[in-house]
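*Asks:* Sharing a structure here in C-alpha cells format.
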Amino acid sequence: MTTIDHRRVAATGVSTAFGTFGELLQGVLPEDDGDFLVTLPVARWSTARFELTPDDPEVTVGPAHKKKALRLARMILDDCGAPGGGVLHLDSTLPEGKGLASSSADLVATARAVANALGAPMPHRRIETYLARIEPTDGVLYQAIVAFHHRSVRLRARLGSLPAMTVVGIDEGGAVDTVAFNAIPKPFTAADRRQYARLLDRITHAVARRDLAEAGRVATESARMNQVLRHKRSLEPMIRICEDIGGLGVVIGHSGTSLGILLDTGAPGHVGRLAAAAQRCQELEGNVTIYHTLSFH
94 MTTIDHRRVA
104 ATGVSTAFGT
114 FGELLQGVLP
124 EDDGDFLVTL
134 PVARWSTARF
144 ELTPDDPEVT
154 VGPAHKKKAL
164 RLARMILDDC
174 GAPGGGVLHL
184 DSTLPEGKGL
194 ASSSADLVAT
204 ARAVANALGA
214 PMPHRRIETY
224 LARIEPTDGV
234 LYQAIVAFHH
244 RSVRLRARLG
254 SLPAMTVVGI
264 DEGGAVDTVA
274 FNAIPKPFTA
284 ADRRQYARLL
294 DRITHAVARR
304 DLAEAGRVAT
314 ESARMNQVLR
324 HKRSLEPMIR
334 ICEDIGGLGV
344 VIGHSGTSLG
354 ILLDTGAPGH
364 VGRLAAAAQR
374 CQELEGNVTI
384 YHTLSFH
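When we follow the numbering used here, the leftmost residue of the sequence shown carries the number 94, and every step to the right adds one.
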C-alpha cells in the first residue's frame, strides 16, 4: 500500500556533492593534528533534496539508513531556528563503505540542500564545523584537489587541478566504517611522518605542474605505505598490471576496499591501455568499474 505524505511543503532545496576515488595521498605529518589526505575528485555524485515542512516537527530521510544526514539536517534546522521539520531525499551513484567519500558527499549535499531551502548562508567553514560534530570527513566541499585534515575537518591547502584521468577500479569486497577506521592508532614512525611530509610536497608540486606521472608515483607510494594500516591483497598485482600496460600509478581508498589504476585520458593509445587494464583487473578480482576524474578551472 502506498502512503501519501500530506505535509505542507514551504520550501525545497536541492544540491549535489561529488565523491572521490580514494585519495592520492593519505597519512600523518610530523605535527599536531597531522592526519591528512589529498583528494582525487571523480564524476560520481550524491544529490540531496530537502523539503521544509513548517507544520510538522519531524525530520525524515530516505533511504532510511542515512542517519548521519538526518542528524545533520536536524542540526542545521535547530541552529537556524527554523520552525518545523522536513523530508530529506538522498540519491547517490557512490557505493558505500568503499573509500569513495560516499558519506562525505551525502553530508555536504545535505548541508547545502537544507541551507538552500532555508535561504541561509552555508560557507565552507560553517559546513566543516557541522561535519566535525558527526564524523571524519573528506574534502569534497572544495572545487579542487585539496590537502585536507579529515579528522579535525579543516582545509590545509587548495592544490589545484590535474588533467583528466581514467581510473580502472576494482573492489576487494566488504565495507569499512569510517569512524571505526579513524579510531585505529596509526602505526607510523617518525621517519614515516617525515616521508609523508615529503610526499605532500611532491604531490603539491605535481598538481601545480599538472604532472600526471609524478602524481601517479606519489599515489603508488602512499598505497604501499598504507599496507601496514589496512592491507590490500590486490595492491602488488595491481601495480604490476599498471606497469605492464603503461599506467600512471595505483590509487587506493586508504580507509576503504577500492583500488584503481590511473590512466592519462589524453595520452596516445589510451583506449587500448584502458581495455588491457580492464581485462587484467577483471581476471584479478572479478569486478571492474571505470571512473573519470574531475578537472576544475
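Beta carbons are placed, not taken as given, at the ideal position from N, Cα and C, and that holds for glycine.
(1) Which residue comes first and which comes last in the alpha helix (DSSP H) that contains Y289?
(2) Which same chain residues, not among the five before or five after G232, have their C-beta less than 6 Å away from its C-beta?
(3) Does DSSP put F389 in a helix, in a strand, or in coil?
(4) Looking at T386 and P134, is the spacing between their C-beta atoms short of 8 Å?
(5) Enumerate, from N- to C-terminal direction, the unbroken beta strand (DSSP E) stretches of 3 or more residues contained entirely within the stretch 111–158.
(6) Classify H390: buried if its beta carbon has 16 or more other beta carbons within 10 angstroms, exposed otherwise.
(7) Express the C-alpha separation of G346 and V154 in angstroms, rounding to a whole number.
(8) Under the rule that 16 or more other beta-carbon atoms within 10 Å means buried, what is H217, buried or exposed?
(9) Compare the beta carbon distance of G177 and P147 with 8 Å and say whether it is the shorter of the two.
(10) Specify the secondary structure class of A210 as computed by DSSP and reduced to three states.
(11) List the residues that DSSP assigns as beta-bridge partners of R247.
(12) Under 8 Å Cβ to Cβ from L187, same chain only, skipping five residues before and after it: list those, please.
(13) Run through the DSSP bridge pairs and tell me what H182 is partnered with.
(14) Less than 8 Å separating the beta-carbons of L165 and L200?
(15) State the Cα-Cα distance for the pair L252 and N275, rounded to the nearest angstrom.
(16) Do G115 and F129 have their C-beta atoms closer together than 8 Å?
(17) Exposed or buried, which one is H158 when buried takes at least 16 other CB atoms within 10 Å?
(18) From R323, P361, T358 and G190, pick the residue whose C-alpha is nearest to that of P278; which is it?
(19) I want to see whether chain C comes within less than 8 Å of L163, judged by CB atoms only; does it?
(20) Suppose only complete runs of 3+ residues qualify. What are the beta strand (DSSP E) ranges in the stretch 322–365, listed by chain order?
(21) Relative to the alpha-carbon of A306, which residue among V321, E329, P280 and C335 has its alpha-carbon at the smallest distance?
*Replies:* Judging by the given coordinates:
(1) A283 to R302
(2) In the same chain as G232, and ignoring 5 residues on each side of it, the C-beta atoms closer than 6 Å to its own belong to T132, V239 and F241, in chain order.
(3) Reduced to three states, the DSSP call for F389 is coil.
(4) yes
(5) 128–146 and 152–155
(6) exposed
(7) Distance between the alpha carbons of V154 and G346 is about 27 Å.
(8) exposed
(9) Yes. Within cutoff.
(10) Note: A210 maps to helix in three-state DSSP.
(11) H242
(12) G112, R137, W138, S139, L193, A194, S195 and A198
(13) R142 and G155
(14) yes
(15) 24 Å
(16) no
(17) With fewer than 16 other beta carbons inside 10 angstroms of its own, H158 counts as exposed.
(18) The shortest C-alpha to C-alpha distance from P278 to any of R323, P361, T358 and G190 is the one to R323.
(19) Among the chains in the structure shown there is no chain C, since it carries only a single protein chain.
(20) 342–345 and 351–357
(21) Nearest C-alpha to A306: C335.
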